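Numbering (this note's numbering), first residue to last: -19 to 66.
Cβ atoms here follow ideal geometry from the backbone N, Cα and C, with glycine treated the same way.
Note that the coordinates shown come from a computational prediction; the quantities given were computed from them, not determined experimentally.
All remarks here apply to the structure that follows.
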């Protein structure tokens, strides 16, 4: 179904306001909530583990699992969260 057809159907069903304003979609559930993200960011700002010069994404992922913040998280998820906060 084309965009024009969808818009026309929404107009017929609900008038011009309905046709021009799409309803909100639920989207995908967040992997970490705000509290969990805050803990991750705080850990990233803290000193790295002994014997390490800096945090890696995998070390941070392992650390928040170790702290019991989440059951599991990938290093890529950690990277995305940290990227959006900088």
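Hey, residue i and residue j: beta-carbon distance below 8 Å or not?
i, j, result
"residue 29", "residue 39", "yes"
"residue 52", "residue 58", "no"
"residue -2", "residue -12", "no"
"residue 18", "residue 35", "no"
"residue 16", "residue -8", "no"
Report the three-state DSSP secondary structure of residue i (helix, strand or coil).
i, result
"residue 26", "coil"
"residue 14", "helix"
"residue 65", "coil"
"residue 46", "helix"
"residue 58", "helix"
Let's see if you can read the secondary structure: which residues bound the alpha helix (DSSP H) around residue i?
i, result
"residue -4", "-17 to 0"
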